[in-house]
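Following: one structure in structure tokens, then a few remarks.
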Amino acid sequence: MEKLSVVLASDEFEKLQAGCMMASVASVSGIEVNVFVTMAAMTCFRQKTVADRSFPKIGEVGQAAIRKKAPLFSDLLIQGKEMGSLKVFACALALDLIDSKLEEMVPVFDEVVGVATFLGKAEGGQVLFV
1 MEKLSVVLAS DEFEKLQAGC MMASVASVSG IEVNVFVTMA AMTCFRQKTV
51 ADRSFPKIGE VGQAAIRKKA PLFSDLLIQG KEMGSLKVFA CALALDLIDS
101 KLEEMVPVFD EVVGVATFLG KAEGGQVLFV
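When you line the sequence shown up against full-length UniProt numbering, it's residues 1 to 130, in that order.
Structure below.
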């Protein structure tokens, strides 16, 4: 596999962790990775939400990850960016729907794009929808 695109659409902490872990490991393994954060997932990337660890949907595994101080999904993306070829895109529509600006989000995003632009970036690779 040469290219992987991961679409994060859920505000479930465990899904965000899993999707970002796959993206980060793929990037570190030499795979070009594009991550698209959209819909409810965007709310979890707010700086305040991450700082307070106040995620709207978190299960037993997610609570254990926080308790044991495992790297958060946003940290995993930063690691993937630092050690490989990983880009993170914020969905323009999702930002508009939640009345937020990119400046309110954790600093992992490379660009704000629409779905059509992201699909162009994903073309020719595998796509995971988490």
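Glycine residues also receive a C-beta, built at the ideal position from the N, C-alpha and C atoms.
Rounded C-alpha distance that separates V35 from K87
In the sequence shown, counting from the first residue as 1, residue 35 sits at position 35. In the sequence shown, counting from the first residue as 1, residue 87 sits at position 87. Looking at the two C-alpha atoms, the distance is approximately 6 Å.
Inside the segment 15-98 only - alpha helix (DSSP H) runs reaching at least 4 residues:
47-52, 60-67, 73-83, 92-97
Beta-bridge partners of S10, as assigned by DSSP
Locating residue 10 in the sequence shown gives position 10, counting from the first residue. Its beta-bridge partners do not exist; DSSP assigns none.
Give the DSSP bridge partners of K3, in chain order.
Numbered from its first residue, the sequence shown carries residue 3 at position 3. Per DSSP, E32.
Determine the direct distance from the alpha carbon of A116 to that of G62, and round the result to whole angstroms.
What you label residue 62 is simply residue 62 of the sequence shown in a count that begins at 1. What you label residue 116 is simply residue 116 of the sequence shown in a count that begins at 1. One C-alpha to the other measures close to 32 Å.
Between which two residues does the beta strand (DSSP E) carrying F109 extend?
Here the question's residue 109 lines up with position 109 in the sequence shown. Per DSSP, F109 belongs to no beta strand (DSSP E) and is neither H nor E.
Exposed unless 16 or more other CB atoms sit within 10 angstroms - verdict on A64
Taking the first residue of the sequence shown as 1, we reach residue 64 at position 64. Under this definition A64 is an exposed residue.
Simplified DSSP assignment, three categories, for V127:
Residue 127 sits at position 127 when you count from the first residue of the sequence shown. Three-state DSSP puts V127 in a strand.
Contact check, R53 vs E104 under 8 Å by CB: the rounded distance?
By one-based count along the sequence shown, residue 53 stands at place 53. By one-based count along the sequence shown, residue 104 stands at place 104. Contact doesn't hold; Cβ gap of about 17 Å is too wide.
Excluding sequence positions up to five away, which residues of its chain have a Cβ less than 7 Å from the Cβ of V14?
Mapped onto the sequence shown, residue 14 falls at position 14. Here the sequence assigns Glu to residue 14, which means Val is not the residue at that position. Same-chain partners within the cutoff: G59, V61, G62.
Tell me the rounded alpha-carbon separation between G80 and I31.
Locating residue 80 in the sequence shown gives position 80, counting from the first residue. Locating residue 31 in the sequence shown gives position 31, counting from the first residue. Taking the straight line joining both Cα atoms gives about 10 Å.
Do G125 and L8 have their C-beta atoms closer together than 9 Å?
Position 125 of the sequence shown holds residue 125. Position 8 of the sequence shown holds residue 8. Not in contact: G125 and L8 (Cβ atoms no closer than 9 Å).
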